[in-house]
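K.L.:
For the sequence shown, position 173 matches number 173 in this note's numbering, and the numbering has no gaps at all.
By construction, the Cβ of each residue, glycine as well, lies at the ideal position given by its N, Cα and C atoms.
Predicted model, so just to flag it, every value in this text is computed and none were measured.
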Amino acid sequence: MRLSSTVMKILQVSLIVFAILIMGSIGYWKIEDYEFIDAVYMTVITLTTTGFREVRPLSENGKIFTIFLLLMGMGVVTYSISSIVSYITSIDFSKRRRDKMEKRINLFKNHTIVCGYGRMGEIICKRLEEENIPFVVIERRETLVQLLKQRSYHYIEGDAAHDEHLIKAGIERAKTLVSVIDNDADGLYIALAARSFNANLQIIVRAGEQNAKKRILRAGADKVILPFVMSGLKVAESIINPAVEDFLNIPDAQGAEGEPIQLADLYVTEESTIIGKELAEVGPLVKKIIIVGIRKKDHTFIFSPGGEYVFEIGDCLIAMGEQLAYKQTQEKFNLSTHTPHRNAV
Numbered sequence: 001m002r003l004s005s006t007v008m009k010i011l012q013v014s015l016i017v018f019a020i021l022i023m024g025s026i027g028y029w030k031i032e033d034y035e036f037i038d039a040v041y042m043t044v045i046t047l048t049t050t051g052f053r054e055v056r057p058l059s060e061n062g063k064i065f066t067i068f069l070l071l072m073g074m075g076v077v078t079y080s081i082s083s084i085v086s087y088i089t090s091i092d093f094s095k096r097r098r099d100k101m102e103k104r105i106n107l108f109k110n111h112t113i114v115c116g117y118g119r120m121g122e123i124i125c126k127r128l129e130e131e132n133i134p135f136v137v138i139e140r141r142e143t144l145v146q147l148l149k150q151r152s153y154h155y156i157e158g159d160a161a162h163d164e165h166l167i168k169a170g171i172e173r174a175k176t177l178v179s180v181i182d183n184d185a186d187g188l189y190i191a192l193a194a195r196s197f198n199a200n201l202q203i204i205v206r207a208g209e210q211n212a213k214k215r216i217l218r219a220g221a222d223k224v225i226l227p228f229v230m231s232g233l234k235v236a237e238s239i240i241n242p243a244v245e246d247f248l249n250i251p252d253a254q255g256a257e258g259e260p261i262q263l264a265d266l267y268v269t270e271e272s273t274i275i276g277k278e279l280a281e282v283g284p285l286v287k288k289i290i291i292v293g294i295r296k297k298d299h300t301f302i303f304s305p306g307g308e309y310v311f312e313i314g315d316c317l318i319a320m321g322e323q324l325a326y327k328q329t330q331e332k333f334n335l336s337t338h339t340p341h342r343n344a345v
C-alpha cells in the first residue's frame with residue numbers, strides 16, 4: 001500500500017525525533033553517568049521544555065550538551081507536532097467513511113442493488129433488512145443520501161444510470177437489481193447496462209408508462225412494475241371483493257393463533273429433500289402451510305397442484321401460511337428463499 005506524502009513526512013520527522021531522543025539519552029548516560037531511565041527522562045523534559053527539575057545538578061559538560069540538545073531538538077519537535085496536528089485537521093472523514101464502505105461493498109456477493117431511495121426504495125430496503133438480505137443503494141439526491149447515512153445502509157452516492165456507479169455497487173457479483181427510479185428512460189438504460197454486466201442478474205424495473213414496459217423488457221429486465229396500475233387494481237379489488245382484499249393484505253392478516261400470515265416463494269434446489277417426491281407424500285409433513293401454486297423453470301404456473309404432482313429442481317413453491325411454519329418448512333426440506341441464477345436451473 002502506497003503511503004501519502006503527508007504520512008511519509010510525519011514518519012520521517014518521527015524517526016528524527018526518535019533518533020534525537022536516543023542520542024540525548026546516550027549523551028546524559030555517558031556525560032552525567034545517569035541511569036538509563038534518568039537519561040531518557042532528562043532528554044524528554046529538555047526537548048519538550050517542560051521545566052521540571054534535573055535529576056541532579058548538571059556538570060559543565062552536561063550544561064553544554066543540554067544547550068546543544070535544546071537548539072537541535074526543539075525545532076524538530078515543534079515541527080513534528082505541527083505536522084501531526086495539520087494532518088489530523090486535514091483528514092476528510094466523510095471521504096474515509098465512503099472509502100471504507102466501498103471496501104465492504106467490494107466483498108458483497110449475491111446481493112441486491114436498489115437504484116433510487118425514494119418512497120418505494122425505502123420500503124424495499126426496510127423489507128430486505130428485515131430478511132437479512134445484503135443490499136446496496138445507489139442514490140444521487142443529497143437529502144436522501146443523508147437518510148441513508150442515518151440508517152447505516154450501504155450506499156453509493158451517484159447516478160444509477162452511470163456504469164461506474166453500477167460497477168462500484170458490485171453489479172457483476174449481484175444477484176438482483178431493483179430500479180425504482182421515476183424515469184422510464186433511466187430505467188431502460190439501467191436494465192440494458194445491468195444485463196450487459198451480468199447475464200444471470202434478476203432485474204426488476206419500475207415504469208411509469210404502460211408503453212415503456214415492452215421496451216424495458218426487451219432491454220433485459222425480467223419484470224417491470226407499474227405502480228399506478230397496481231395501485232388502481234388494488235383499489236378496484238377493495239371495492240369489488242373487500243373481504244378477499246383484506247385477506248390478501250398479508251401484513252395485517254393473522255392465523256388462528258394470532259401469528260402473521262406470510263405469502264412467499266420457496267425454491268427447490270439441488271440440496272432440497274423433496275426432489276422426485278409427490279405432493280401427496282410431502283403434504284402431511286407440512287403444517288399450517290398451503291401451497292397455492294407452483295412456478296416452473298420456464299415461468300409457467302400450476303395453480304392448486306394435485307397430490308400426484310412431482311417436485312423438480314427449479315420449482316418455485318408459492319406458499320401461504322404463518323411465518324413460523326413457513327420457516328420451519330423451509331428448514332425441514334432444505335428449500336431456498338432466493339431465486340436461483342438463470343443458468344443454475
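From Q210 to D184, what does the alpha carbon distance come to, in whole angstroms?
P.N.:
So the alpha carbons of these two residues sit roughly 10 Å apart.
K.L.:
Over what stretch of residues does the beta strand (DSSP E) that includes E322 continue unbroken?
P.N.:
Looking at the DSSP string, the run of the beta strand (DSSP E) that includes E322 is 316 to 322.
K.L.:
Between the segment 55 to 73 and the segment 126 to 134, do at least 3 Cβ pairs fall closer than 8 Å?
P.N.:
No: fewer than three Cβ pairs fall under 8 Å.
K.L.:
Per DSSP, which residues does T176 bridge with? Please list them.
P.N.:
Partner(s): T112, Q202.
K.L.:
List the whole-angstrom C-beta distance separating S25 from T43, where the pair is believed to meet the contact cut-off of C-beta under 8 Å.
P.N.:
S25 to T43, Cβ: 5 Å. Contact.
K.L.:
Anyone know if the C-beta pair for R141 and D159 falls short of 7 Å?
P.N.:
Result no, Cβ atoms of R141 and D159 do not sit closer than 7 Å.
K.L.:
When the Cα atoms are used, what is the spatial distance from L71 to L47?
P.N.:
The alpha-carbon atoms of L71 and L47 are separated by roughly 9 Å.
K.L.:
In the DSSP assignment, what residue or residues form a beta bridge with L11?
P.N.:
The partner list for L11 (beta bridge, DSSP) is empty, contrary to what the question assumes.
K.L.:
Is it a yes or a no for the segment 316 to 333 touching the segment 293 to 308, going by three-plus beta-carbon pairs under 8 Å?
P.N.:
Segments in contact, yes.
K.L.:
Of all the options L217, K213, L166, which has the alpha carbon lying nearest to the alpha carbon of F197?
P.N.:
The shortest Cα separation from F197 among L217, K213, L166 belongs to L166.
K.L.:
In chain order, which continuous runs of the beta strand (DSSP E) of length 3 or greater are located wholly inside the segment 131 to 164?
P.N.:
Segments of the beta strand (DSSP E) lying fully in the segment 131 to 164: 135 to 139, 155 to 157.
K.L.:
Quick check: the Cα distance between I204 and K95, rounded to an integer number of angstroms?
P.N.:
Going by the C-alpha atoms only, they are around 31 Å apart.
K.L.:
Where do the N-terminal and C-terminal ends of the beta strand (DSSP E) with Y34 fall, by residue?
P.N.:
It is not in any beta strand (DSSP E) - Y34 carries neither H nor E in the DSSP assignment.
K.L.:
Could you work out which residue in G27, F36, Y41, V76 is closest to Q12 when comparing CA atoms only?
P.N.:
Selected option, being the one with the closest Cα: V76.
K.L.:
Indicate whether R195 and I225 have their beta-carbon atoms separated by less than 7 Å.
P.N.:
Result no, Cβ atoms of R195 and I225 do not sit closer than 7 Å.
K.L.:
Hey, could you find the ends of the alpha helix (DSSP H) L279 is sitting in?
P.N.:
L279 -> alpha helix (DSSP H) spans 279 to 282.
K.L.:
Return the bridge partner residues of F68 from the DSSP annotation.
P.N.:
Answer is none; F68 lacks a bridge partner.
K.L.:
Determine the extent of the alpha helix (DSSP H) in which Y216 is found, giving its start and end residues.
P.N.:
The sequence as given places Ile at residue 216; Tyr does not occur at that position. It spans 212 to 219 - the alpha helix (DSSP H) in which I216 sits, taken as one unbroken run.
K.L.:
So what's Y267 in DSSP terms, helix, strand or just coil?
P.N.:
Y267 falls in the strand class under three-state DSSP.
K.L.:
In this structure, does DSSP put S336 in helix, strand or coil?
P.N.:
Residue state, collapsed to three classes: strand.
K.L.:
If I'm right that L358 touches V137 with Cβ under 8 Å, what's the distance once you round it to whole angstroms?
P.N.:
Lying outside 1 to 345, the shown extent of the chain, residue 358 is not represented and no answer is given.
K.L.:
Going by DSSP in three states, V292 sits in which element: helix, strand or coil?
P.N.:
DSSP places V292 in strand when its eight states are reduced to three.
K.L.:
Are the CB atoms of F303 and V268 nearer to each other than 7 Å?
P.N.:
Result no, Cβ atoms of F303 and V268 do not sit closer than 7 Å.
K.L.:
For V310, which three-state DSSP category applies?
P.N.:
DSSP places V310 in strand when its eight states are reduced to three.
K.L.:
State the start and end residues of the unbroken alpha helix (DSSP H) segment that holds I225.
P.N.:
Segment 223 to 225 is the beta strand (DSSP E) holding I225; no alpha helix (DSSP H) there.
K.L.:
For Y309, which of K277, I123, Q262 has the nearest alpha-carbon?
P.N.:
Measuring from the Cα of Y309, the nearest candidate turns out to be K277.
K.L.:
Starting from the C-beta of D186, find all residues in its chain whose C-beta is less than 6 Å away, skip the five residues before and the five after it, and write them out in chain order.
P.N.:
The residues are A161.
K.L.:
Helix, strand or coil, according to DSSP, for I16 in the structure here?
P.N.:
I16: helix per DSSP, three-state reduction.
K.L.:
Please classify F333: is it buried, with 16 or more other beta-carbons within 10 angstroms of its beta-carbon, or exposed?
P.N.:
That one is buried.
K.L.:
In whole angstroms, give me the CA-to-CA distance for I20 and Y28.
P.N.:
Straight-line Cα distance between these residues: approximately 12 Å.
K.L.:
Quick one: Cα of I123 to Cα of G208, how far?
P.N.:
Roughly 18 Å separates the two Cα atoms.
K.L.:
Using 8 Å for Cβ pairs, my map puts V178 next to V114. What's the rounded Cβ distance?
P.N.:
About 5 Å separates the two Cβ atoms, so the contact holds.
K.L.:
Have a look at the DSSP bridge pairing and note the partners of Q262.
P.N.:
According to DSSP, which records beta bridges pairwise, Q262 is partnered with G321.
K.L.:
Is the distance from the Cβ of V180 to the Cβ of G116 below 7 Å?
P.N.:
In this structure, G116 lies closer than 7 Å to V180 by Cβ.
K.L.:
Helix or strand or just coil, what does DSSP make of I302?
P.N.:
I302 falls in the strand class under three-state DSSP.
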